[in-house]
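Below is one structure; the comments refer to it alone.
In this note's numbering, the protein residues as written are 19 to 287.
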């Protein structure tokens with residue numbers, strides 16, 4: 019700025035007071051025009067996806083994001099409990115019967131290049147428990163779970179899910195958000211976004227975490243991602259009361275009261 023000769027022609031024009039004020043005025047006019055067009059519904063057409071389809075979006079009141087919304091299809095279920103067990107028992111030792119493991123026991127995986135992640139590839143191992151057909155459906159369940167095996171006809175098994183990653187955090191992201199990368203909403207956040215909740219006194223989406231700590235991918239498992247923060251899971255503990263209910267010891271009661279009063283005044287405006 020102290021040496022105008024070094025500036026480009028456009029830069030020297032900006033140093034001119036009249037040109038600067040004129041450009042600034044045009045930007046203000048553009049903002050006003052945008053507001054007027056938006057108010058008349060002329061700013062843009064309806065949003066479309068890449069394929070040209072109109073996206074399905076719920077009609078959400080910003081002042082009441084948890085208001086109940088009707089689903090596309092009426093379902094008998096009123097609540098859903100998801101028990102998420104990262105690093106749980108092996109699926110091939112419980113419900114996922116793979117007879118080829120018996121034939122290839124003790125051998126290297128055939129037809130797979132030698133790619134290591136945290137060490138050399140081990141040999142294939144057969145299940146440690148025998149599998150038997152159970153119930154009227156004949157679902158194969160191992161002897162490790164004799165009591166659950168008796169209830170197998172009441173279960174729905176989904177064995178089609180797989181992922182390209184072998185890392186736990188990315189696998190957890192994929193399991194709960196559908197993406198290995200961070201920043202995407204969990205399925206609980208999507209359900210809350212779409213349906214709201216019938217109770218306005220209780221959270222719509224609650225996550226009761228293991229007292230020993232969160233899973234590898236942390237709050238991504240019940241986070242809101244790019245959705246509004248209102249749709250994230252409320253973090254509860256199996257042992258302790260909910261977080262942030264008590265005033266911090268470093269904050270006096272008087273300062274806390276002034277903060278609440280200030281927020282109330284700002285909200286009233």
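Built from N, CA and C at the ideal position, the CB exists for glycine as well.
query	result
Where do the N-terminal and C-terminal ends of the alpha helix (DSSP H) with residue 254 fall, by residue?	Taken as a continuous stretch (DSSP letters only), residue 254 belongs to no alpha helix (DSSP H), being part of the beta strand (DSSP E) at 252-255.
In whole angstroms, give me the CA-to-CA distance for residue 113 and residue 226.	26 Å
Would you mind reading off the limits of the alpha helix (DSSP H) that contains residue 151?	Counting along the chain, residue 151 falls outside any alpha helix (DSSP H), though it belongs to the beta strand (DSSP E) covering 149-152.
Give me the Cα-Cα distance between residue 175 and residue 147, rounded to the nearest whole angstrom.	19 Å
Assess, as a yes-or-no matter, whether the segment 177-195 is touched by the segment 228-239 under the definition of 3 or more beta carbon pairs within less than 8 Å.	yes
If you run the structure through DSSP and keep just helix, strand and coil, what is residue 158?	strand
Does the distance from the C-beta atom of residue 121 to that of residue 141 stay below 8 Å?	no
Which residues in the same chain have their Cβ closer than 7 Å to the Cβ of residue 145, if we skip the five residues on either side of it in sequence?	110, 111, 119 and 160
Is residue 214 closer than 8 Å to residue 87 when the C-beta atoms are compared?	yes
For the alpha helix (DSSP H) holding residue 225, just list the boundary residues, first then last.	Residue 225 -> not in any alpha helix (DSSP H); beta strand (DSSP E) instead, spanning 224-227.
Compare the C-alpha of residue 221 against each of 198, 286 and 254 and name the closest.	254
Give me whichever residues DSSP pairs with residue 285 in a beta bridge.	DSSP output for residue 285 lists no bridge partner at all.
I'd like to know if the segment 193-203 and the segment 237-254 are in contact, where contact means that at least 3 CB-CB pairs between them fall below 8 Å.	yes
Could you give the residue range of the alpha helix (DSSP H) that holds residue 211?	205-213
Using the DSSP secondary-structure output, state which residues sit across from residue 242 in a beta bridge.	Answer is none; residue 242 lacks a bridge partner.
Rounded to whole angstroms, what's the CA-CA distance from residue 260 to residue 224? Just pull it up for me.	11 Å
Using only the alpha-carbon positions, how far apart do residue 10 and residue 206 sit?	Only positions 19 to 287 of the chain appear in the structure, and residue 10 is not among them; the question remains open.
Are the C-beta atoms of residue 94 and some chain C residue less than 8 Å apart?	Annotation note: the requested chain C is absent from the structure, which comprises a single protein chain.
For residue 79, which beta-bridge partners are listed by DSSP?	82
Applying the 10 Å Cβ sphere with the 16-neighbour rule, what's the burial state of residue 3?	In this structure the chain extends from 19 to 287, so residue 3 is not present and cannot be described.
Is residue 155 closer than 8 Å to residue 171 when the C-beta atoms are compared?	yes
Please tell me whether residue 229 and residue 257 are closer than 8 Å, where the distance is taken between their beta carbons.	yes
Within the same chain, show all residues whose beta-carbon is closer than 7 Å to that of residue 152, passing over the 5 residues directly before and after it, in chain order.	159, 167 and 170
Nearest to residue 211 by alpha carbon, out of 70, 77, 277 and 71?	77
By the 10 Å Cβ neighbour count, where 16 or more other Cβ atoms means buried, how is residue 250 classified, buried or exposed?	buried
Should residue 203 be labelled buried (16 or more other beta-carbon atoms within 10 Å of its own) or exposed?	buried
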